[in-house]
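Asker: Position 99, counted from 1, in the sequence shown is what the numbering used here calls 88; the numbers after and before it change by one each time, with no gaps.
My questions will all concern the structure given below.
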Amino acid sequence: MSWELREHAGRHYAVLFHYALPDDAWAVELSEAVPASAEGAENPNATMTHLPGAAFLVAHVPDEDPNLQPTVRLYGPDERVVPYEVMRWFMEQVADQVERCRIAFEQGEPEAVE
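Here it is as structure tokens:
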């Protein structure tokens, strides 16, 4: 699993990448990042101050059949506002993952997508 963090208007967001075996697809998850720990938040030398939280938006990118289209699912009972720049960043990450999966499929290397 890998992830990227971004701050926008004082809030932290995370995009997490992992393989969703039941879906035979890569999952790209958007969440509001949570503090890694009280110590990490106070330590300027800490490498990671925030970690991915519970996903509220998940894109599934199939990697075994290029004819299957990616899908996006919304999660959560609460209304959530996602800033435009954060949504754009997330969708760019999804588009990059789609491109990596399709290139790997064409080259016959689906495991090389990560």
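By construction, the Cβ of each residue, glycine as well, lies at the ideal position given by its N, Cα and C atoms.
On a predicted model such as this, the values are computed, not experimentally measured, just so you know.
1) Excluding the 5 residues flanking residue -7 on each side, which residues of the same chain have their C-beta closer than 6 Å to its C-beta?
2) So does the region 73 to 81 actually touch the region 35 to 44, counting three or more Cβ pairs closer than 8 Å?
3) If you drop the 5 nearest sequence neighbours on each side, which residues of the same chain put their C-beta closer than 6 Å to that of residue 7?
4) Taking 8 Å as the threshold (C-beta atoms), are residue 49 and residue 14 in contact?
5) Residue 47 and residue 73 - do their beta-carbons sit closer together than 8 Å?
6) Could you check what DSSP says for residue 50 in three-state terms: helix, strand or coil?
7) Which of helix, strand or coil does DSSP assign to residue -4?
8) What are the start and end residues of the alpha helix (DSSP H) that includes residue 89?
9) For the candidate residues 83, 62 and 97, whose alpha-carbon lies nearest to that of residue 54?
10) Specify, as a first and last residue, the run of the beta strand (DSSP E) that residue 20 falls within.
Answerer: Looking at the coordinates:
1) Here residue -7 has 4 as same chain residues with Cβ atoms under 6 Å from its own Cβ, once five neighbours each way along the sequence are excluded.
2) No, because fewer than three Cβ pairs between the region 73 to 81 and the region 35 to 44 fall closer than 8 Å, the two stretches do not touch.
3) Closer than 6 Å at the Cβ level, and outside the excluded window around residue 7, lie -10 and 16.
4) Between residue 14 and residue 49, the CB-CB gap stays under 8 Å.
5) Result no, Cβ atoms of residue 73 and residue 47 do not sit closer than 8 Å.
6) When DSSP states are grouped into helix, strand and coil, residue 50 belongs to the strand group.
7) In the displayed model, residue -4 falls within a strand according to three-state DSSP.
8) 73 to 95 is the extent of the alpha helix (DSSP H) around residue 89.
9) Cα-wise, what sits closest to residue 54 is 97.
10) Counting along the chain, the unbroken beta strand (DSSP E) around residue 20 starts and ends at 14 to 21.
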